[in-house]
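Visitor:
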Amino acid sequence: ISQYLFSTEVLNDGSVPNILGTNSEMSVASIRNGINDQEFEPYFQPIVNKDRSIYGVEALARWNHPMKGILSPPHFVEFAEEYDIIDEIDKLIIRKACEKVVKLNEGREKPLYLSVNVSAKHLALHDFVSFIEQTIDETGFVYHHLCLEITETHLISDMESVSNKLLYLKELGVRIYLDDFGIAYSSLHYLKKFPVSSIKIDRSFMEDITQNFIDKEIYETIIHLAKNLNIQVITEGIETPDQFELLIELDANLFQGYLFSKPIPFEELEGYLLAQ
Ligand code: C2E
Ligand code: MG
Ligand code: MG
Ligand code: MG
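According to the UniProt record's numbering, the stretch in the sequence shown is residues 171 to 446, in order.
#1: If I measure Cβ to Cβ from residue 401 and keep anything under 7 Å in the same chain, skipping five residues before and after, which residues do I get?
#2: Could you check what DSSP says for residue 239 in three-state terms: helix, strand or coil?
#3: Could you give the C-beta distance for residue 283 and residue 338, rounded to a whole number, given that I count them as a contact under 8 Å?
#4: Considering Cα atoms alone, identify which of 260, 385, 376 is closest to residue 211.
#5: Check whether the Cβ of residue 373 sits closer than 8 Å to any heavy atom of ligand 3, and report yes or no.
#6: Can you tell which of 445, 425, 440 has its C-alpha closest to the C-alpha of residue 272?
#7: Could you please give me the residues that DSSP links to residue 199 through a beta bridge?
#8: Could you check whether the stretch 306 to 319 touches the stretch 238 to 250, counting it as contact only if at least three pairs of C-beta atoms, one from each stretch, sit closer than 8 Å?
#9: Report yes if the CB atom of residue 336 is closer than 9 Å to the CB atom of residue 318, and no otherwise.
#10: Between 442, 419, 406, which lies nearest to residue 426 when the distance is taken from Cα to Cα?
#11: Can you name the start and end residues of the beta strand (DSSP E) that residue 326 belongs to?
#12: Under the DSSP definition of a beta bridge, which residues are partnered with residue 228?
#13: Ends of the beta strand (DSSP E) at residue 345?
#14: Which term fits residue 378, buried or exposed, when burial requires 16 or more other beta carbons within 10 angstroms of its beta carbon?
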């Protein structure tokens with residue numbers, strides 16, 4: 171993105187044409203407006219057990235743009251990270267997701283775990299821990315049902331400080347997931363340094379898993395590694411019954427993908443749960 175900053179391509183209002191392969195003009199001001207007007211909201215994608223019963227949900231940001239309709243993260247996440255406003259989107263999504271799922275869990279015998287995505291840039295901010303505490307406090311959500319998915323699009327520079335924050339939150343009951351495991355700079359390093367309770371294997375390995383020996387071997391090895399470390403594996407991007415069967419054979423714990431459900435608005439999630 172930075173190449174745009176220094177090129178004549180940048181428009182007077184700071185917006186960048188054709189960014190991220192879309193025709194839409196994205197600018198810090200437009201995202202900030204969207205945040206102020208609460209246009210960002212969570213969709214929910216189920217995470218299921220071997221028997222397809224629901225284990226939890228992942229909150230995924232959607233921008234309900236007044237002119238452009240529903241925009242998904244590829245339209246804005248990278249941009250928001252580059253301009254250091256991703257934490258504001260994270261916060262809005264986390265708060266709204268906690269508010270919704272806390273109500274849902276009231277009537278459930280088995281409460282749902284709620285996963286939220288946290289940008290490495292957001293984690294680095296000094297108010298990260300107090301934001302989580304305040305959100306739990308104000309929404310009535312439960313620490314033990316909250317899972318933070320650390321997305322690794324940026325290298326975490328201050329490992330010591332981040333690790334301390336995560337340890338503190340873990341003590342309170344929060345679970346730490348490593349998202350997109352296998353494609354970022356230092357996944358194994360994070361595994362060593364952070365109090366990780368689950369690995370989410372990146373879905374780029376899923377596509378060919380039933381055909382490609384290497385992809386299958388990668389799953390098998392990571393699942394084995396996780397077992398030895400006593401942590402869970404969540405496999406994401408499952409689209410076909412063949413993939414699901416193979417992953418069960420490989421002894422994966424938890425599953426997520428279009429085969430079970432796409433990310434859906436909260437109202438549809440309620441329907442999904444009733445149908446179960
Ligand atoms: P992620 O956290 O790895 O989320 C999984 C992505 O894969 C989601 O894309 C989901 O819709 C998609 N997906 C799930 N199952 C399947 C499947 O079976 N097939 C295919 N083809 N795709 C599947 P989405 O919603 O576009 O989100 C993209 C990424 O944006 C997320 O990847 C996450 O890194 C980021 N993101 C989303 N919401 C937030 C947020 O609130 N804050 C931050 N910082 N990042 C977010
Ligand atoms: Mg995620
Ligand atoms: Mg992922
Ligand atoms: Mg991702």
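The beta carbon of each residue, even a glycine, is placed where N, CA and C say it ideally should be.
Here the structure is a predicted model, which is why all the values come from computation and not from measurement.
Guide: Short version:
#1: Translated into the one-based positions of the sequence shown, residue 401 becomes position 231. Within the same chain, residue 401 has close Cβ partners 366, 367, 368, 369.
#2: Numbered from its first residue, the sequence shown carries residue 239 at position 69. Three-state result, residue 239: strand.
#3: Along the sequence shown, read from residue 1 onward, the residue named residue 283 stands at position 113. Along the sequence shown, read from residue 1 onward, the residue named residue 338 stands at position 168. So it is not a contact: roughly 20 Å between Cβ atoms.
#4: Against the sequence shown, residue 211 aligns to sequence position 41. The residue with the shortest Cα to Cα distance from residue 211 is 260.
#5: Locating residue 373 in the sequence shown gives position 203, counting from the first residue. Residue 373: yes, Cβ under 8 Å from ligand 3.
#6: Residue numbering aside, residue 272 sits at position 102 when the sequence shown is read from its first letter. Ranking the options by Cα distance to residue 272, first place goes to 440.
#7: Within the sequence shown, residue 199 is the residue found at index 29, counting from 1. DSSP output for residue 199 lists no bridge partner at all.
#8: no
#9: Here residue 336 is taken as the residue at index 166 of the sequence shown, counted from 1. Here residue 318 is taken as the residue at index 148 of the sequence shown, counted from 1. Their beta carbons are under 9 Å apart, which means residue 336 touches residue 318 by this criterion.
#10: What you label residue 426 is simply residue 256 of the sequence shown in a count that begins at 1. The candidate whose alpha carbon is nearest that of residue 426 is 406.
#11: Your numbering for residue 326 matches position 156 in the sequence shown. Here residue 326 belongs to no beta strand (DSSP E), and DSSP marks it neither H nor E.
#12: Numbered from its first residue, the sequence shown carries residue 228 at position 58. Answer by DSSP bridge pairing, in chain order: 215, 285.
#13: On the sequence shown, residue 345 is found 175 positions in, with the first residue counted as 1. First-last of the beta strand (DSSP E) with residue 345: 345 to 351.
#14: Translated into the one-based positions of the sequence shown, residue 378 becomes position 208. The residue is exposed, with fewer than 16 neighbouring Cβ atoms inside 10 Å.
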